[in-house]
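Worksheet for the structure shown next.
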Amino acid sequence: MKMTVLYAGQSSPHAGWAAIDELALILARVFQAELLSPAIQPNSLLRRITGREKLQFAPLECSGGDVLFVVARGPEDLAMVNAIRNVRAKFSRIHAFVTDTYFQAGFYAETALFDSITVTAHEDQDFPAQKFGIKVHQLHQGTDALQWAPRQAFAREIDVMSFGRTPPSYQRALTQSFHRMDSPYLYLHSPLGNLSGPTVQVERAMLFKLLHRTRVSLAFHLLIEPQGGRPRSMMVTSRWLESLLSGCVVAGRRPVSRMADEMLDWPGSTIELSAVPEEAVHELQSLLQNEGELQQQRRSNVRNTLERHDWRLRIQSLCRLHDWSVPTTLLDELQQLEALAQLWQD
């Protein structure tokens, strides 16, 4: 099968989307596919004046083939197919994995060019199916667990870490308590130096090294003190999977959704903190005093993430959905994944 994979990661690297971009990299490797990443072009003056701005992409040279697969950070990335001239004539089938599928305004007219897409939440299936008349399947987000999982147990010198989006009220309470010289706890926050640009992949490796040495990682769902005007969703984002994979105990405010119930259903996968930030600080301090329980939970978190949420398992599901032959490389890596999970058995 001759496959081409389209993704935004090479032309527009961003720390918040690195986990999604890794799906494209794995797909391209296991299927020996052509990997393309179109550059974003500025909108025309007319579009800016009329308020009809949308993502537009520079043209790509592509000979076509059996399957075009788009790894979309959000539905607006489906418009990347416009970068390939006569795309529908060049490919027998066009499919996509779409992450932020709750953002319905991002489903542009190009969505109708697809034979099928997958969405990350069950409740997001109906809108694109009804509006564009295409097949819509549900497939949860994943992570590159085989690459980033710890291979051994490390000393955990960082007591609590938060990275990326943290609700301001919790951030104030945590820094006021943990940054004091009379506090025995180390709270590390915002360890990333650059959100975008060529250093993203290097700093991603640094982030995982920090997580491997962290006891508790914080995660809050998107409706806690939201910032910006974009719609929000009770989705499980990359932060949960990255922290669990690294052997952190994950504490914060868990999404209230079917997605969270299905993806994070093992005992202790998340620990709910108080809605009052000052009380949450006291809860974290109590949690940090139970090192024996934390060690056992870490092993469970690593093992469950390896066994259930690696991107290779999602690609295996895509093979079943689209009746693709499973590549030998994928089978080999699934075996490696299983062997790594065995190292973290209780």
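Mapping of the sequence shown onto numbering that gives the first Met the number 0: residues 0 to 345, in sequence order.
Where a beta carbon is used, it is the ideal one built from N, C-alpha and C, also for glycine.
CB contact flag (L243, V249, <8 Å) = As a position in the sequence shown, residue 243 is number 244, starting the count at 1. As a position in the sequence shown, residue 249 is number 250, starting the count at 1. Contact: yes.
Alpha-carbon spacing of M2 relative to R238, whole angstroms | Residue mapping note: residue 2 aligns to position 3 of the sequence shown, counting from 1. Residue mapping note: residue 238 aligns to position 239 of the sequence shown, counting from 1. Spanning the two alpha carbons is a distance of roughly 30 Å.
Grouping DSSP H, G and I as helix and E and B as strand, with all else coil, what is T198?
-> Counting from one through the sequence shown, the residue named residue 198 turns up at place 199. In this structure, T198 counts as coil in the three-state DSSP scheme.
Look at the alpha carbon of L305 and the alpha carbon of W147, and state the distance between them as a whole number of angstroms.
-> Position 306 of the sequence shown, counted from the first residue, corresponds to residue 305. Position 148 of the sequence shown, counted from the first residue, corresponds to residue 147. Rounded to the nearest angstrom, the two C-alpha atoms are 10 Å apart.
Does the distance from the C-beta atom of L240 to that of M233 stay below 8 Å?
-> Locating residue 240 in the sequence shown gives position 241, where the first residue counts as 1. Locating residue 233 in the sequence shown gives position 234, where the first residue counts as 1. Not a contact, by the Cβ cut-off of 8 Å.
Hey, would you say A57 sits closer than 8 Å to A82, going by beta carbons?
-> Here residue 57 refers to the residue found at position 58 of the sequence shown. Here residue 82 refers to the residue found at position 83 of the sequence shown. Going by C-beta atoms, A57 is nearer than 8 Å to A82.
Buried or exposed by the 16-neighbour rule on C-beta atoms within 10 Å, applied to R72 | Within the sequence shown, numbered from 1, the residue matching residue 72 stands at position 73. So R72 counts as buried.
Starting from the C-beta of Y6, find all residues in its chain whose C-beta is less than 7 Å away, skip the five residues before and the five after it, and write them out in chain order.
-> Position 7 of the sequence shown, counting from 1, holds the residue named residue 6. Excluding sequence neighbours, Y6 sits near D20, A23, S36 and V70.
Count the other CB atoms, across all protein chains shown, that sit within 10 Å of the CB of H211; report buried if there are 16 or more and exposed otherwise.
-> Counting from 1 along the sequence shown, the entry for residue 211 is found at position 212. Buried is the call here.
Given 8 Å as the limit, is there contact between the region 310 to 319 and the region 140 to 160, that is, 3 or more CB pairs closer than that?
-> yes
Which residue's Cα is closest to the Cα of E75: E337, Y184 and T98?
-> Taking the first residue of the sequence shown as position 1, residue 75 is located at position 76. Residue T98 is the option with its Cα nearest to E75.
What residue ranges within the region 128 to 198 form continuous alpha helix (DSSP H) runs of no fewer than 4 residues, ordered along the chain?
-> 144 to 147 and 167 to 177
Return the chain-ordered list of same chain residues with a C-beta closer than 8 Å to the C-beta of Q295, the five sequence neighbours on each side being excluded.
-> Position 296 of the sequence shown, counted from the first residue, corresponds to residue 295. Excluding residues within five positions, the ones whose Cβ falls inside 8 Å are D345.
Using the Cα positions of R203 and N85, report the straight-line distance between them to the nearest angstrom.
-> Locating residue 203 in the sequence shown gives position 204, counting from the first residue. Locating residue 85 in the sequence shown gives position 86, counting from the first residue. Looking at the two C-alpha atoms, the distance is approximately 36 Å.
Provide the residue span of the alpha helix (DSSP H) that contains G291, from first to last.
-> Position 292 of the sequence shown, counted from the start, is the residue given in the question as residue 291. Run containing G291: E290 to R307, per the alpha helix (DSSP H) assignment.
Which whole runs of the beta strand (DSSP E) in the region 202 to 282 are 3 residues long or more, in chain order?
-> 213 to 219 and 248 to 252
Alpha carbon to alpha carbon, how far is R214 from Q40?
-> Here residue 214 corresponds to residue number 215 of the sequence shown, with the count starting at 1. Here residue 40 corresponds to residue number 41 of the sequence shown, with the count starting at 1. Whole-angstrom Cα-Cα distance: 43 Å.
Return the residue from the list K134, N303, E224 and S299 that minimises the CA-CA distance to L320.
-> By one-based count along the sequence shown, residue 320 stands at place 321. The option with the nearest alpha carbon to L320 is K134.
Cβ neighbours of W265 in the same chain (closer than 7 Å, five flanking residues each side left out) = One-based indexing of the sequence shown puts residue 265 at position 266. So the list reads S299 and N303, once near-sequence residues are dropped.
Those residues which DSSP pairs with G64 across a bridge | Indexing the sequence shown from 1 puts residue 64 at position 65. Bridge partners of G64: F90.
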